[in-house]
Amino acid sequence: MGTFAPLLYPTIGGNIIVRAAASDDAAAVLAAAKLAFATSDHTLTKFDEFSMTLEQERTFIADLSAHPRQVMAIASYEKNPSGEVLGIAVLKQNTTRRKLRHSVDLGMSVIGPARGQGVGTALLDALVRWATAQPDLQMITLAVYAANTAGLKLYRNLGFVEYGRLPNGLIHDDGTAWEQVQMYRALRMQMCKVKTPPKQRECAPEGSLLQK
Ligand SMILES: CC(C)(COP(=O)(O)OP(=O)(O)OC[C@H]1O[C@@H](n2cnc3c(N)ncnc32)[C@H](O)[C@@H]1OP(=O)(O)O)[C@@H](O)C(=O)NCCC(=O)NCCS
Numbered sequence: 260m261g262t263f264a265p266l267l268y269p270t271i272g273g274n275i276i277v278r279a280a281a282s283d284d285a286a287a288v289l290a291a292a293k294l295a296f297a298t299s300d301h302t303l304t305k306f307d308e309f310s311m312t313l314e315q316e317r318t319f320i321a322d323l324s325a326h327p328r329q330v331m332a333i334a335s336y337e338k339n340p341s342g343e344v345l346g347i348a349v350l351k352q353n354t355t356r357r358k359l360r361h362s363v364d365l366g367m368s369v370i371g372p373a374r375g376q377g378v379g380t381a382l383l384d385a386l387v388r389w390a391t392a393q394p395d396l397q398m399i400t401l402a403v404y405a406a407n408t409a410g411l412k413l414y415r416n417l418g419f420v421e422y423g424r425l426p427n428g429l430i431h432d433d434g435t436a437w438e439q440v441q442m443y444r445a446l447r448m449q450m451c452k453v454k455t456p457p458k459q460r461e462c463a464p465e466g467s468l469l470q471k
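Residue numbers (this note's numbering): 260 to 471.
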């Protein structure tokens with residue numbers, strides 16, 4: 260299930276609680292998403308194209324929390340746990356195809372005033388812990404602007420590894436093209452050696468590569 264017990268993290272701005280979002284958080288999550296989109300060029304969603312209604316947000320959160328391989332984490336100050344949402348991080352599967360069920364995509368944003376204080380680190384740590392505890396999940400994937408210094412640092416700190424770069428992956432309204440970095444974080448992934456048919460794929464225990 261897309262839920263977990265609340266976690267406490269120290270940050271520069273004070274202690275924060277990171278917890279799984281519930282549908283009653285929809286209004287605060289919407290407000291935080293709008294604030295994050297309005298204050299960054301590094302989100303995929305532009306502020307003016309974010310049109311989710313309160314009811315849609317409620318349903319979105321309810322669906323995530325009922326799903327075995329999806330979750331939304333939110334952060335707020337310990338002193339005001341049901342108050343302002345400082346950041347949102349979502350692990351989501353964009354497909355129901357069985358071959359891809361071991362993998363979830365990460366999307367996250369911290370509101371402008373709370374950035375650079377450790378909120379993103381706390382949110383991502385909580386999600387990596389959650390994902391690692393899900394037996395069906397083996398990896399988290401993401402795509403980030405190559406120009407997003409904070410994002411790249413955060414992801415590398417939390418064990419994400421770059422596996423590709425997409426030149427011109429994003430094109431802004433003003434015509435400027437931006438490179439995207441693709442990263443993944445193995446959870447307890449077995450290192451697999453792909454064999455050509457008719458042999459079966461073989462997998463070695465975590466941490467060891469199969470030798471021919
Ligand atoms: C990217 C983002 C999620 C990071 O969250 P955050 O709370 O600001 O990050 P943290 O404070 O936990 O810092 C994470 C790391 O990045 C570094 N960092 C933070 N802000 C930075 C900045 N402006 N420049 C360089 N490094 C920065 C921190 O020093 C830290 O590394 P360290 O622990 O090794 O020192 C957040 O800045 C954000 O929401 N940005 C706008 C939207 C966005 O880019 N979303 C991600 C889309 S893929």
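The beta-carbon is built from N, C-alpha and C at its ideal position, and this holds for glycine as well. Predicted model only: the values in this text are computed from it and were never measured.
Opposite residue i in the DSSP bridges: which residues?
i: LEU267; result: ILE276
i: GLY366; result: VAL349
i: MET442; result: LEU401 and GLU421
Where does residue i land, buried or exposed, given buried means 16+ other C-beta within 10 angstroms?
i: ALA292; result: buried
i: LEU323; result: buried
i: GLN315; result: exposed
i: ILE276; result: buried
i: LEU446; result: buried
i: THR270; result: buried
i: LYS471; result: Because the pLDDT of LYS471 is 37, which lies under 50, any placement of that residue in the model is unreliable, and the number read from its coordinates should be weighed accordingly. Burial call: exposed.
i: LEU468; result: Residue placement at LEU468 is poorly supported in this model, since its pLDDT is 45, which falls under 50; the coordinates still yield a value, given next. The residue in question, LEU468, is exposed, as its Cβ has fewer than 16 Cβ neighbours within 10 Å.
i: MET260; result: exposed
i: ILE347; result: buried
i: ALA381; result: buried
i: TYR422; result: exposed
i: ALA390; result: buried
i: LEU425; result: exposed
i: LEU303; result: exposed
i: VAL420; result: exposed
i: ALA280; result: buried
i: SER368; result: buried
Please report whether the beta-carbon of residue i lies at a distance below 8 Å from any beta-carbon of chain B.
i: GLU316; result: Reference to chain B is not applicable here, since this structure consists of a single protein chain.
Starting from the Cα of residue i, find the closest Cα among the options and give me that residue.
i: ASN416; options: GLN393, TYR404 and ARG444; result: ARG444
i: VAL440; options: HIS431, ASP432, THR408 and LEU345; result: THR408
i: ALA297; options: LYS358, ILE370, ALA332 and LEU413; result: ILE370
i: PRO334; options: ARG357, GLN376, ASP395 and ASN353; result: Note on residue identity: the sequence assigns Ala, not Pro, to residue 334. Closest option to ALA334, Cα to Cα, is GLN376.
i: ALA392; options: HIS361, SER282, LEU313 and GLY428; result: HIS361
i: ALA321; options: GLY423, LEU411, MET311 and ASP284; result: ASP284
i: GLY418; options: PRO426, LEU303, GLY434 and ILE399; result: ILE399
i: ARG278; options: PRO394, ALA264 and ASP432; result: ALA264
i: LEU396; options: LEU429, LEU267, ASP364 and THR435; result: ASP364
i: PRO327; options: LEU413, ALA295, GLN352 and THR312; result: GLN352
i: VAL330; options: PRO340, SER282 and LEU386; result: LEU386
i: GLY410; options: ARG388, ARG317, ASN339 and ARG374; result: ARG374
i: ASP384; options: ALA402, LEU350 and ALA405; result: LEU350
Whole runs of the alpha helix (DSSP H) within the stretch 276-363, excluding any shorter than 4 residues: Qualifying alpha helix (DSSP H) stretches, in chain order: 285-297 and 313-325.
Please give the ranges of any beta strand (DSSP E) in the stretch 377-435, keeping only runs that are unbroken, at least 3 residues long and fully inside the region. 398-404 and 420-430
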